[in-house]
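Comments concern the structure below.
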Amino acid sequence: MLWAHVTGGIVMLLAGAVALRIGITREWFRWHKVAGYTYLAWGALSSVTALMRSFDVGHSPGMATGVLAVVWLAFSAMAFRAVRNRRFDQHRDWMIRSYVAAWTFVFCRFWSRSAPDALQPIEADMLWLAWVGPLLIAEMLMQWSRGSKSAGARP
57 MLWAHVTGGI VMLLAGAVAL RIGITREWFR WHKVAGYTYL AWGALSSVTA
107 LMRSFDVGHS PGMATGVLAV VWLAFSAMAF RAVRNRRFDQ HRDWMIRSYV
157 AAWTFVFCRF WSRSAPDALQ PIEADMLWLA WVGPLLIAEM LMQWSRGSKS
207 AGARP
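Numbering (this note's numbering), first residue to last: 57 to 211.
Structure follows, in C-alpha cells:
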C-alpha cells in the first residue's frame, strides 16, 4: 500500500507540474487534458491510500493526514466538475487549491523527518498548519487578484 501511495504521489506531482506549465503558457495545450487526467488518476490512488493509512497511526497526525486526503479529493473533484461545465476560471482556482494540497503531503513528510527533536512533540500541530496555512495563503492570493481586477471596473 505504501508503494501505491508513494508512486501515485510522485506521478501526480509531476503531472500536475506539466499541466500547470501548459495551463500557464498555453504551449502544447492539447496535452493539458492528458496531464490533468494523469494528475487526477494517480492523485486519487495516492489520496485513497493516504486515507487508508491514516487509520494506522496515532489519532491526531492520522486525522490530519486523512482530512487532507479528503480535502485533496474534494478539491480535485470540484476542479473536474468545473472543467466539465466549461467554467475554466473556477477550474483554475480549484486546481490551484488541489495542487497546494498535494504539495502539502510532501512538506508534511519532510517536516516529520527533518524537524529538530524539540519540535517533534508538536508534529500533529505542524501537520495541520502545513496544509491549512498554504491553502489560506493561496485562497487569499486568488481572492486578492480577483478583487484587483474588478476594482478597475467600478464607476
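Each residue gets a CB set at the ideal place from its N, CA and C atoms; glycine is no exception.
Helix, strand or coil: which one does DSSP assign to Trp159?
In the structure shown, Trp159 adopts helical secondary structure according to DSSP, grouped into three states.
If we call anything under 8 Å between Cβ atoms a contact, is Glu99 one with Trp128?
Per the sequence shown, the amino acid found at residue 99 is Gly instead of Glu. In this structure, the beta-carbon distance from Gly99 to Trp128 falls below 8 Å.
Between which residues of its own chain and Val90 is the CB-CB distance below 6 Å, once the five residues before and five after are set aside?
Counting only residues of its own chain and dropping the five nearest sequence neighbours on each side, Val90 has no CB closer than 6 Å to any other CB.
Please look up how many angstroms separate the CB atoms of His88 and Ala97, rounded, as I've assumed it's under 8 Å.
Under the criterion of beta carbons closer than 8 Å, His88 and Ala97 do not qualify as touching, at roughly 15 Å.
What is the rounded straight-line gap between the Cα of Ala133 and the Cα of Leu197?
Going from the Cα of Ala133 to the Cα of Leu197 covers about 22 Å.
For Arg77, the first and last residue of its enclosing alpha helix (DSSP H)
Annotation for Arg77: the continuous alpha helix (DSSP H) segment containing it runs Leu58 to Thr81.
Secondary structure of Pro190, DSSP reduced to three states:
Judged by DSSP in its simplified three-state form, Pro190 adopts helix.
Taking the alpha-carbon positions, what's the Ile152 to Pro172 distance?
In this structure, the straight-line span from the alpha carbon of Ile152 to that of Pro172 is close to 31 Å.
Cutting at 6 Å between CB atoms, please list the residues of its own chain near Gly122, excluding the five before and the five after it.
Leu107 and Ser110.
Helix, strand or coil for Phe111? Go by DSSP, reduced to three states.
In the structure shown, Phe111 sits in coil (DSSP, three-state: anything other than H, G, I, E or B).
Beta-carbon separation (whole angstroms), Trp167 vs Met182, contact threshold 8 Å:
The beta carbons of Trp167 and Met182 sit about 5 Å from each other, so the pair counts as a contact at 8 Å.
Return helix, strand or coil for Trp84, following the three-state DSSP convention.
The three-state secondary structure of Trp84, taken from DSSP, is coil.
Quick check on the burial criterion: 16 or more other C-beta atoms within 10 angstroms. Buried or exposed for Met57?
Result: exposed.
Buried or exposed: Gly64, going by 16 or more other Cβ atoms within 10 Å of its Cβ?
Counting every other CB atom within 10 Å of its CB across the protein chains shown gives Gly64 a total of 16 or more, marking it as buried.
Using 8 Å for Cβ pairs, my map puts Ser154 next to Phe131. What's the rounded Cβ distance?
Contact between Ser154 and Phe131 holds, with the beta-carbon distance rounding to 4 Å and staying under 8 Å.
Can you tell me which of the three DSSP states Val139 falls into?
Here Val139 sits in helix by DSSP.
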